[in-house]
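So the protein lines, in turn, are chains P and E.
The working numbering puts the first residue of the first sequence at 14, with every later residue one more than the last.
The working numbering puts the first residue of the second sequence at 14, with every later residue one more than the last.
The C-beta atom is built at its ideal place from N, Cα and C for all residues, glycine as well.
Report on the following structure.
2 protein chains.
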Amino acid sequence: MGKLPSLGEFEVIVLMAVLHVGDEAFGSAIRDDLEARSGRPASRGAVYITLDRLEEKGLLRSTLRDGTSARGLRPRRYFTLTPDGTAALRSSLTLVARMHRGLEGALGKLA
Amino acid sequence: MGKLPSLGEFEVIVLMAVLHVGDEAFGSAIRDDLEARSGRPASRGAVYITLDRLEEKGLLRSTLRDGTSARGLRPRRYFTLTPDGTAALRSSLTLVARMHRGLEGALGKLA
DNA sequence: GCTCTCCGTCTACATTGTAGGCCCTATGGG
DNA sequence: CCCATAGGGCCTACAATGTAGACGGAGAGC
Numbered sequence: 014m015g016k017l018p019s020l021g022e023f024e025v026i027v028l029m030a031v032l033h034v035g036d037e038a039f040g041s042a043i044r045d046d047l048e049a050r051s052g053r054p055a056s057r058g059a060v061y062i063t064l065d066r067l068e069e070k071g072l073l074r075s076t077l078r079d080g081t082s083a084r085g086l087r088p089r090r091y092f093t094l095t096p097d098g099t100a101a102l103r104s105s106l107t108l109v110a111r112m113h114r115g116l117e118g119a120l121g122k123l124a
Numbered sequence: 014m015g016k017l018p019s020l021g022e023f024e025v026i027v028l029m030a031v032l033h034v035g036d037e038a039f040g041s042a043i044r045d046d047l048e049a050r051s052g053r054p055a056s057r058g059a060v061y062i063t064l065d066r067l068e069e070k071g072l073l074r075s076t077l078r079d080g081t082s083a084r085g086l087r088p089r090r091y092f093t094l095t096p097d098g099t100a101a102l103r104s105s106l107t108l109v110a111r112m113h114r115g116l117e118g119a120l121g122k123l124a
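Quick look at the structure:
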């Protein structure tokens, strides 16, 4: 099977947010997690289109399931990483980690 | 000196390569370091234009100095990170590190 | 002079990043 | 009923980044 596409930074972050959220990973939850953890705003459009693109690349899979929240059981679109998604994420993070090695002095501790 | 621009992944890698190379950081040396460390090919054009864009954003500074290699003392364009460059790099790495926290289980050790 | 290697620039196009608006479906008051 | 509101998702459009390859000049060595 083909090579893993290389990811942009936002894509990486979105993938990580999906992992964090876990079972309840639908659009808004992902966005909320991402903003909370990274401290950086992300518009809804940005998140959704990135999710779409990741799914097209086969790194995410989405399924419609009924929601579980108190109000509105309308179905939501839940996302999960595919094996390729996990692999691509790992490889992206690894690359950065490799480049980072040896720069601890120059960069200090990352908060 | 407004806010720091947010960096793309390749930009981050290039900045780290510049740090690694240190005093002798001109185009080809940067490219070589980057390819060696990351194991990923990068065309000359890609590297140079990224260096240019980083300089435009004030994250790198370049100066022409005479080369030191055995052959050809023609001047080369050497790059260094500005304080903003270091800050932007740190903040980019920090963001990813923050998102990574808690995913060690899902992702395993990064080689 | 001619060719080769080194270094840098330029053009051009693909992929990602980012914001914002549109739209639908429920719900809950008036 | 009808309207306002909220939650979710989709679409468009445009800016910024990523990426490759061709072009060009300036010494080195023949």
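What does residue i touch in chain P if you count any residue whose Cβ is under 8 angstroms from its own?
| i | result |
| --- | --- |
| residue 107 of chain E | 123, 124 |
| residue 115 of chain E | 33 |
| residue 102 of chain E | 120 |
| residue 22 of chain E | 19, 20, 21, 22, 25, 105, 109 |
State buried or exposed for residue i, treating a residue as buried only when at least 16 other CB atoms are found within 10 Å of its CB.
| i | result |
| --- | --- |
| residue 106 of chain E | buried |
| residue 69 of chain P | exposed |
| residue 65 of chain P | exposed |
| residue 24 of chain P | buried |
| residue 124 of chain E | exposed |
| residue 30 of chain E | buried |
| residue 101 of chain P | buried |
| residue 121 of chain P | exposed |
| residue 117 of chain P | exposed |
Using C-beta distances below 7 angstroms, list every residue in its chain close to residue i, excluding the 5 sequence neighbours before and after it, in chain order.
| i | result |
| --- | --- |
| residue 88 of chain P | 77, 78, 79, 80 |
| residue 83 of chain P | For residue 83 of chain P, the pLDDT reaches just 49, beneath the cut-off of 50, and the residue's location in the model is therefore unreliable, although a value from the coordinates is still provided. Hits under 7 angstroms: none found. |
| residue 32 of chain E | 94 |
| residue 55 of chain P | 44, 47, 48 |
| residue 132 of chain P | Only positions 14 to 124 of chain P appear in the structure, and residue 132 of chain P is not among them; the question remains open. |
| residue 63 of chain E | 23, 24, 27 |
| residue 115 of chain E | none |
Just to check my reading of the structure: residue i and residue j have Cβ atoms closer than 8 angstroms, yes? What is that Cβ distance to the nearest angstrom?
| i | j | result |
| --- | --- | --- |
| residue 43 of chain P | residue 34 of chain P | 6 angstroms |
| residue 67 of chain P | residue 97 of chain P | That pair is no contact at about 10 angstroms. |
| residue 22 of chain P | residue 52 of chain E | Not quite, the Cβ-Cβ distance comes to about 19 angstroms (not below 8 angstroms), so this is no contact. |
| residue 12 of chain P | residue 50 of chain E | Nothing about residue 12 of chain P can be reported from this structure: the residues present for chain P run from 14 to 124 only. |
What residues in its chain sit with their C-beta under 6 angstroms from that of residue i, if we drop five residues either side in the sequence?
| i | result |
| --- | --- |
| residue 74 of chain P | 93, 95 |
| residue 99 of chain P | none |
By the criterion of Cβ-Cβ separation under 9 angstroms, what are the contact partners of residue i in chain E?
| i | result |
| --- | --- |
| residue 26 of chain P | 108, 109, 112 |
| residue 41 of chain P | Ordered by position in chain E, no residue passes the 9 angstroms Cβ test against residue 41 of chain P, which lies about 18 angstroms from the chain. |
| residue 53 of chain P | 19, 108 |
So residue i contacts chain E; which residues on that side make the cut at Cβ distance below 7 angstroms?
| i | result |
| --- | --- |
| residue 119 of chain P | 32 |
| residue 74 of chain P | Ordered by position in chain E, no residue passes the 7 angstroms Cβ test against residue 74 of chain P, which lies about 16 angstroms from the chain. |
If you drop the 5 nearest sequence neighbours on each side, which residues of the same chain put their C-beta closer than 8 angstroms to that of residue i?
| i | result |
| --- | --- |
| residue 59 of chain P | 23 |
| residue 119 of chain E | none |
Mind listing the chain P neighbours of residue i? Cutoff is C-beta to C-beta under 7 angstroms, in chain order.
| i | result |
| --- | --- |
| residue 50 of chain E | 111, 112 |
Quiz prompt | Every unbroken beta strand (DSSP E) within the segment 75-112 of chain E, with a cutoff of 3 residues, ordered by chain | solution = 88-94
Self-check item: alpha helix (DSSP H) runs wholly inside the segment 32-61 of chain P, at least 4 long, in chain order
Solution: 40-51
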